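Engineer:
Residue numbers (the working numbering): 345 to 577.
Below you can see the structure in the form of structure tokens.
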């Protein structure tokens, strides 16, 4: 009777692939081997492949499912990339395989903050149909994303909250910026120190009619051209 309450096998498999991805990009000193590192530093240690803890909707840290469909609704993967104390993550380029999230048809919230990602790539086998159509909240705070991430973000048209705090967004190398995100209500661009007044126009922010909160703290801006009707609280 309780078997129907377990998470979908396809999504459980997809989560384990995400775990494998984070292990592969992390420093060699961090893996599943608790003999080498402390339990608190393991990568997604509660995400296991079998046994009584194999239901990803229950004991898996950072995973929240729809109680009815048992599909994954929220994923919190903040600070999941791990580095040895002597390792400088700025010495390498970390790219996020965004195709890993395609199987999650009901995903509404995704937190990828503090993972040092600089860009994204997709598996060519994925055509993008049905990609994260229900995603409402995306947190990319404290990575190293630049303007190259904007074309992908501009396809996530269901977003209502987008956190880009502390990245390297400039807005000078984009055609549409975020202009397609018509449902966006909260946008955090604070800490992107190379944003200028002209960048805001190129980012298409004036087209975001539902935008209620725009954070531009620590961007060094003194004027907001084309945004006089927008809230900057």
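Note that the Cβ used here is the ideal one computed from N, Cα and C, for glycine as well.
Small disclaimer: the values here were computed from a predicted structure and weren't measured.
Look at residue 407 and residue 442 and say whether their C-beta atoms are less than 8 Å apart.
Structural biologist: Taking the chain shown and counting its residues from 1, one reaches residue 407 at position 63. Taking the chain shown and counting its residues from 1, one reaches residue 442 at position 98. Contact: no.
Engineer: How about residue 528 and residue 504: are their beta carbons less than 8 Å apart?
Structural biologist: Position 184 of the chain shown holds residue 528. Position 160 of the chain shown holds residue 504. Closer than 8 Å, so yes.
Engineer: Once the 5 residues before and after residue 328 are set aside, which same chain residues still bring their CB inside 7 Å of it?
Structural biologist: It is not possible to answer for residue 328, since the shown part of the chain is limited to 345 through 577.
Engineer: Taking residue 354 as the reference, give the member of 494, 393, 452, 371 with the closest Cα.
Structural biologist: One-based indexing of the chain shown puts residue 354 at position 10. Looking at the Cα atoms, 393 is the closest of the given residues.
Engineer: How about residue 484 and residue 456: do their beta carbons lie closer than 8 Å?
Structural biologist: By one-based count along the chain shown, residue 484 stands at place 140. By one-based count along the chain shown, residue 456 stands at place 112. Yes, Cβ-Cβ distance for residue 484 and residue 456 is below 8 Å.
Engineer: If you follow the beta strand (DSSP E) that residue 489 is part of, which residue opens it and which one closes it?
Structural biologist: Here residue 489 is taken as the residue at index 145 of the chain shown, counted from 1. Note, residue 489: premise wrong, no beta strand (DSSP E); not H, not E.
Engineer: Let me check one thing: in DSSP terms, what residues is residue 416 bridge-paired to?
Structural biologist: Stepping through the chain shown from its first residue, residue 416 is reached at position 72. Paired residues: 409.
Engineer: Contact check, residue 538 vs residue 498 under 8 Å by CB: the rounded distance?
Structural biologist: Mapped onto the chain shown, residue 538 falls at position 194. Mapped onto the chain shown, residue 498 falls at position 154. With 8 Å as the limit, residue 538 and residue 498 do not qualify as a contact, their Cβ atoms being about 19 Å apart.
Engineer: On a CA-only basis, which of 461, 536, 404 is nearest residue 426? Give me that one, please.
Structural biologist: The residue you call residue 426 lines up with position 82 of the chain shown. Considering only alpha carbons, the answer is 461.
Engineer: Determine, using beta carbons only, whether residue 547 and residue 515 come nearer to each other than 8 Å.
Structural biologist: As a working note, residue 547 is residue 203 in the chain shown. As a working note, residue 515 is residue 171 in the chain shown. Cβ atoms of residue 547 and residue 515: closer than 8 Å.
Engineer: Grab the span of the beta strand (DSSP E) containing residue 453 for me, first residue to last.
Structural biologist: Mapped onto the chain shown, residue 453 falls at position 109. From DSSP, the beta strand (DSSP E) with residue 453 extends over 453-455.
Engineer: Taking the C-alpha atoms as reference points, what is the distance between residue 630 and residue 478?
Structural biologist: The structure shown does not extend to residue 630, since the chain is modelled only from 345 to 577, so the question has no answer here.
Engineer: Could you give the distance in angstroms between the alpha-carbon of residue 506 and the alpha-carbon of residue 519?
Structural biologist: Your numbering for residue 506 matches position 162 in the chain shown. Your numbering for residue 519 matches position 175 in the chain shown. Distance between the alpha carbons of residue 506 and residue 519: 19 Å.
Engineer: In the DSSP assignment, what are the bridge partners of residue 527?
Structural biologist: As a position in the chain shown, residue 527 is number 183, starting the count at 1. Looking at the DSSP assignment, residue 527 forms no beta bridge with any residue, so it has no partner.
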